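Every position in the sequence shown, counted from 1, becomes a number in the numbering used here once 21 is added. Let me begin by presenting the structure, written as structure tokens, before commenting on it.
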Amino acid sequence: QMLSETVRTRRVARYNLLLCSLKNEASGRIRSFSNENIFTVDAKINRRNDRWLAYYPEDVPVVARTKFAVNVHVLGVVSSEGDVMPPHFFKKGETKEVYIHTSHLIQNWLSNNVDMFWFKEFWPPNSPDLNPLNYYVWSVVERVTNKSRHSNVTSLRTAIKAAFRN
């Protein structure tokens, strides 16, 4: 990713603030991480890793993909202690183009009601390595739930709930 000098300087300043906060103010506190992800009823394959050796093309299993697959939008929350909240499934269109984490109304409410809250200007942008849901949880849940195609959304939701329980 190409970053301008201004953006690079701003990111370094934010990272330093975040590290300082984690070492001092947030030390000993439980932190919660949340993120959303979209799962489809289709089986998920990794074309770079899934290879087949066969004498005949008929021996290779076919993994069909639907053009506009039915999907579910899921919210996951994990604490720094390893506790996992059951997944929340959004209704269709409930989160479309909504940026809750940057809303002034939500920011003001959180700053007034939450003991220690990081403002949107404080949190580094596009940092999946800071959120365990991005760099670990979603890939594990997807690997478990999308080994094969689900016949309907209810089956997919049940598989996601089971993956979160384990």
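Note that CB positions come from ideal geometry on N, CA and C, so glycine has one too. Remember, predicted model here, so these are calculated numbers, not experimental data.
Helix, strand or coil at residue i according to DSSP, with G and I counted as helix
i: Ser160; result: helix
i: Leu15; result: Beyond the ends of the chain as shown, which are 22 and 187, falls residue 15; an answer cannot be given.
i: Lys182; result: helix
i: Glu142; result: coil
i: Val174; result: helix
i: Asn155; result: helix
i: Asn187; result: coil
i: Arg32; result: helix
i: Val135; result: coil
i: Asn37; result: helix
For residue j and residue i, believed in contact at Cβ under 8 Å, the rounded distance
i: His171; j: Ala180; result: 7 Å
i: Val190; j: Phe185; result: This structure leaves residue 190 out entirely; the chain is present only between 22 and 187.
i: Asp18; j: Arg86; result: The structure shown does not extend to residue 18, since the chain is modelled only from 22 to 187, so the question has no answer here.
Which runs of the alpha helix (DSSP H) fall wholly inside the stretch 52 to 129 and span at least 4 residues, in chain order?
none
Sufficient close CB pairs (3 or more, under 8 Å) joining the stretch 86 to 104 to the stretch 124 to 136
no
For the stretch 50 to 57 against the stretch 30 to 39, do three or more pairs of beta-carbon atoms, one drawn from each stretch, fall closer than 8 Å, so that the two count as touching?
no
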